[in-house]
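In the numbering used here, the protein residues as written are -15 to 743.
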């Protein structure tokens, strides 16, 4: 392509980005919450308990959304102005239903309690003409205290989770409080006619399925012929059950009217549904305001939480749910947590440690969450910022699947067409067309990292920006090649630029990766900080190919090359492995192994069993060093590698088996269902084919580019290690191969079209 044509394409890309920026509605003046601490936002502060901590109230308002709070600011003005707010990412084991979301909060870990909410009962209620306490005794062999609240299905919950990979303990929170001498109570339900729903029991109970005090029966509801289903929460009755002089202890209150409307909403006209939701929100807000006025907020704390995300009859997608906390030691501002290290976002597993922390009760290592922190700030601005943050998370979540699906499909098509062009004679025209497209595929990860720098409010604008940035990067590469026509320059340029940008982003706290379509997603909640598996694979592949291609290009001797490349690998490995940057354990192992193998190959070391064992020992030593370093840091600063090590130390072999089982299960699931597995397998198949056909082409590449040839081996090692040592290793393995198969295909095509190039 002529140089003038390339400049025209680059100009079109730039103009497209400018137009996207200037489109009406694309650039807003909304308050935005940065994705990392320190970027225009204060650092988080631990919640300090008063000298004599009082009561802790959890008010569970299921199906309340952040939009409900923003649209009804007058109802929530007092609590939002004085409290700290956040968005909660929810994780459970199994289906995302209230039974499990409530119980997972109480367990502090993902728990499966599917179908058990109907069996939360007062001990004096009847179940098929038998007292609930008698049924409980028959099922468990335990005699509950008088006037207690029971989960009759506690034995079933334990069996459901007996083989869980998460080692979750049902009723962990209630048990810890009971053992520490604090009372626990539960009130309220979300019953509909002849269909009891009492998920709050799963949150408040101890490990035996018992809550010592409370009322989840008919005494907490009232008949209302103006409310759909004729049953709604009796707010006055529940308030009367809460003593204004409650001593230290936990009270869980379920306000179930929004949950009732969710269950029967399909039978209501939209305008009726929304009108009833509006009425209900104001009733709930009035209840919470009254409770706040009655409580002693110098000693007590109140947490308003919506445990279950999504919903068929809520106004928004409700992917993450609102949490408001106020009371002793809680300033207005944003909630955050060491679990997420992200302003305004917390995990549902953080709530149990937060409750325990109110009385200085140390959480056990079996719980993955950490006590909440607060970033002080104006309450109104925090609420507005959370609204903007939610829109950003929602846009990324909805754009990610189609964008990545088409990208992966494009990779598959290019790999197949490239193999066809290489193996079938007379396909020179196809080869020439494929060369720039292979470079484009390698440019997409960098484009995905840079797109968050641009404003976008719709899926369409984000996709156009992605295409424009990708085309711009590819065009710059070709303009470079017009001046320096060397076949290795494209890989040096795109690989090292990608590697450097990813590392710079990670050093800054990963602000770009946290908002990238190829980054991790707070809605899914698998990871919140550090390098995600997608970019971890890309970083390893880009680093190895970029450095070995540069070494080949500069024709460096080993005395210069090995120390320089080794230093770059050490910096890269530190950024992946450093606990303060968010250790990626699998990435650390894959990086250490692949970097070491690549260096040994570049040094001319012959591999045998002894060399392999020494390499594995060096990687193991690195891992142990990381673990001991992280364990030496304060608990609130530890990365998950330290927490995992503590779990293994206390759980022993069983915990190791759980971790291995979880990783294998996830990888097998991804191999079956994710399209990334197709890319990984297609890339491996391509490499295998090229070693045999066309005859002599790989030997030619090895002779011309020996360092780069060893780099390709290093990428394969990185891909395989990432596959083995990560929960979603298939994804990391596939992204690493983006810098394995496409550049190799490019070189083979160039060799077949132009013949060997003299450098």
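Backbone N, C-alpha and C define an ideal beta-carbon position, used for all residues, glycine too.
Please read these numbers as outputs of a predicted model, since none were measured by experiment.
- Query: Hey, which unbroken runs of the alpha helix (DSSP H) at 4 residues or more fall wholly within the region 325 to 355?
  - Reply: Those alpha helix (DSSP H) runs which fall completely within the region 325 to 355 and span 4+ residues are 335 to 342.
- Go ahead and label residue 482 buried or exposed: buried means 16 or more other beta carbons lie within 10 angstroms of its beta carbon, across all protein chains shown. For the purposes of this step, residue 482 is taken as residue 498 along the chain shown, with counting starting at 1. Classification of residue 482: buried, given that the 10 Å Cβ count is 16 or more.
- Query: Can you name the residues that DSSP bridges to residue 197?
  - Reply: Here residue 197 corresponds to residue number 213 of the chain shown, with the count starting at 1. Within the DSSP secondary-structure output, residue 197 pairs in a beta bridge with 169.
- Is residue 97 helix, strand or coil when you go by DSSP? The residue you call residue 97 lines up with position 113 of the chain shown. Residue state, collapsed to three classes: coil.
- At which residues does the alpha helix (DSSP H) containing residue 117 begin and terminate? Working through the chain shown from its first residue, we reach residue 117 at position 133. Membership of residue 117 in the alpha helix (DSSP H) is indicated by the continuous run 116 to 124.
- Message: Check this for me: beta carbons of residue 425 and residue 398, under 8 Å apart or not?
- Response: Position 441 of the chain shown holds residue 425. Position 414 of the chain shown holds residue 398. Taking 8 Å as the cut-off, the beta carbon of residue 425 is found closer than this to the beta carbon of residue 398.
- Task: State the Cα-Cα distance for the pair residue 163 and residue 191, rounded to the nearest angstrom.
- Result: Within the chain shown, the letter at position 179 stands for residue 163. Within the chain shown, the letter at position 207 stands for residue 191. So the two alpha carbons sit approximately 11 Å from each other.
- Under a Cβ-count criterion, where at least 16 other Cβ atoms within 10 Å of its own Cβ denotes burial, should residue 250 be classed as buried or exposed? On the chain shown, residue 250 is found 266 positions in, with the first residue counted as 1. With fewer than 16 other beta carbons inside 10 angstroms of its own, residue 250 counts as exposed.
- Query: What span of residues does the beta strand (DSSP E) with residue 308 cover, start to end?
  - Reply: Looking up residue 308 in the chain shown gives position 324. Bounds of the beta strand (DSSP E) holding residue 308 are 305 to 311.
- Task: On the DSSP bridge assignment, give the partners of residue 237 in chain order.
- Result: As a first step, residue 237 must be located in the chain shown, where it is residue number 253. In DSSP, residue 237 forms a bridge with 43, 171.
- Please specify which runs of the alpha helix (DSSP H), each continuous and at least 4 residues long, are wholly inside the region -7 to 69, giving them in chain order. Counting whole runs of 4 or more residues, the region -7 to 69 contains the alpha helix (DSSP H) stretches 50 to 55, 57 to 66.
- Task: For residue 179, write down the residues that DSSP places opposite it in a beta bridge.
- Result: Residue numbering aside, residue 179 sits at position 195 when the chain shown is read from its first letter. Paired residue(s): 176.
- CA-CA distance, residue 377 and residue 432? Numbered from its first residue, the chain shown carries residue 377 at position 393. Numbered from its first residue, the chain shown carries residue 432 at position 448. Cα to Cα, the separation comes out at about 15 Å.
- Item | Reference residue 718, options 281, 529, 522, closest by Cα | In the chain shown, counting from the first residue as 1, residue 718 sits at position 734. With distances taken between CA atoms, residue 718 lies nearest to 522 out of 281, 529, 522.
- Segments assigned alpha helix (DSSP H), at least 4 residues, entirely inside the region 250 to 295: Listed in chain order, the complete alpha helix (DSSP H) runs (minimum 4 residues) inside the region 250 to 295 are 254 to 278.
- From this set, 133, 98, 141, which residue's C-alpha is nearest residue 168's C-alpha? Taking the first residue of the chain shown as position 1, residue 168 is located at position 184. Checking every option, the nearest Cα to that of residue 168 belongs to 133.
- Item | Coarse secondary structure for residue 73, derived from DSSP in three states | Within the chain shown, the letter at position 89 stands for residue 73. In the displayed model, residue 73 falls within a strand according to three-state DSSP.
- Query: Going by the beta-carbon positions, is the gap between residue 18 and residue 506 smaller than 8 Å?
  - Reply: Position 34 of the chain shown, counted from the start, is the residue given in the question as residue 18. Position 522 of the chain shown, counted from the start, is the residue given in the question as residue 506. The criterion of a C-beta distance shorter than 8 Å is not satisfied by residue 18 and residue 506.
- Would DSSP call residue 216 helix, strand or coil? In the chain shown, residue 216 corresponds to position 232, counting from 1. Secondary structure of residue 216 (DSSP, three-state): strand.
- Task: Examine the Cβ distances between the region 235 to 251 and the region 202 to 217 and report whether three or more of them are shorter than 8 Å.
- Result: Touching, yes.
- Burial state of residue 742, where buried means 16 or more other Cβ atoms lie within 10 Å: The count along the chain shown starts at 1 and reaches residue 742 at position 758. Annotation note: pLDDT 44 at residue 742 (below 50); position unreliable, coordinate value reported separately. Exposed, by the Cβ-count rule.
- Query: Candidates 440, 689, 685, 322: which alpha carbon is nearest residue 538's?
  - Reply: Locating residue 538 in the chain shown gives position 554, where the first residue counts as 1. Taking the Cα of residue 538 as reference, the smallest distance to any Cα among 440, 689, 685, 322 is reached at 689.
- When DSSP builds the beta bridges, which residues end up paired with residue 701? If you number the chain shown from 1, residue 701 lands on position 717. Partner(s): none; residue 701 has no beta bridge.
- DSSP state of residue 357 mapped onto helix, strand, coil: Mapped onto the chain shown, residue 357 falls at position 373. In the structure shown, the three-state DSSP call for residue 357 is strand.
- Task: Please determine if the region 661 to 677 and the region 489 to 504 are in contact, where contact requires at least 3 C-beta pairs separated by less than 8 Å.
- Result: Short answer: they don't touch.
- Query: Could you give the distance in angstroms between the alpha-carbon of residue 389 and the alpha-carbon of residue 207?
  - Reply: The residue given as residue 389 occupies position 405 in the chain shown. The residue given as residue 207 occupies position 223 in the chain shown. One Cα belongs to residue 389, the other to residue 207, and the distance between them is close to 50 Å.
- State the beta-bridge partners of residue 111 as determined by DSSP. Indexing the chain shown from 1 puts residue 111 at position 127. According to DSSP, which records beta bridges pairwise, residue 111 is partnered with 114.
- Message: Based on DSSP bridge pairs, tell me the residues matched to residue 426.
- Response: Along the chain shown, one-based indexing puts residue 426 at 442. In the DSSP output, where bridge partners are listed per residue, residue 426 has none listed.
- Query: To which residues does DSSP link residue 206 through a beta bridge?
  - Reply: What you label residue 206 is simply residue 222 of the chain shown in a count that begins at 1. According to DSSP, which records beta bridges pairwise, residue 206 is partnered with 216.
- On the premise that residue 320 lies in contact with residue 70, defined as a C-beta separation below 8 Å, what is that separation, rounded to the nearest angstrom? Within the chain shown, the letter at position 86 stands for residue 70. Within the chain shown, the letter at position 336 stands for residue 320. About 7 Å separates the beta carbons of residue 70 and residue 320, which is inside the 8 Å limit, making them a contact pair.
- Message: Please report the distance separating the alpha-carbon of residue 439 from that of residue 5.
- Response: Position 455 of the chain shown, counted from the first residue, corresponds to residue 439. Position 21 of the chain shown, counted from the first residue, corresponds to residue 5. When rounded, the distance between both Cα atoms is 7 Å.
- Message: Buried or exposed for residue 437, going by 16 or more other Cβ atoms inside 10 Å?
- Response: Residue numbering aside, residue 437 sits at position 453 when the chain shown is read from its first letter. An exposed status is given to residue 437, since fewer than 16 other beta-carbon atoms sit within 10 Å of its beta-carbon.
- Item | Sufficient close CB pairs (3 or more, under 8 Å) joining the region 678 to 696 to the region 536 to 551 | The region 678 to 696, when compared against the region 536 to 551, does touch it at the 8 Å Cβ threshold.
- Query: When the cut-off is 8 Å and only beta carbons count, does residue 33 lie next to chain D?
  - Reply: The structure shown contains no chain D; it holds only a single protein chain.
- Task: Please report how far the alpha carbon of residue 733 lies from the alpha carbon of residue 419, in whole angstroms.
- Result: Here residue 733 corresponds to residue number 749 of the chain shown, with the count starting at 1. Here residue 419 corresponds to residue number 435 of the chain shown, with the count starting at 1. Each residue's Cα considered, the two are about 7 Å apart.
- Message: Residues in the same chain with beta-carbon distance under 6 Å from residue 338, minus the five sequence neighbours each way, listed in chain order, please.
- Response: Counting from 1 along the chain shown, the entry for residue 338 is found at position 354. Within the same chain, residue 338 has close Cβ partners 355, 356.
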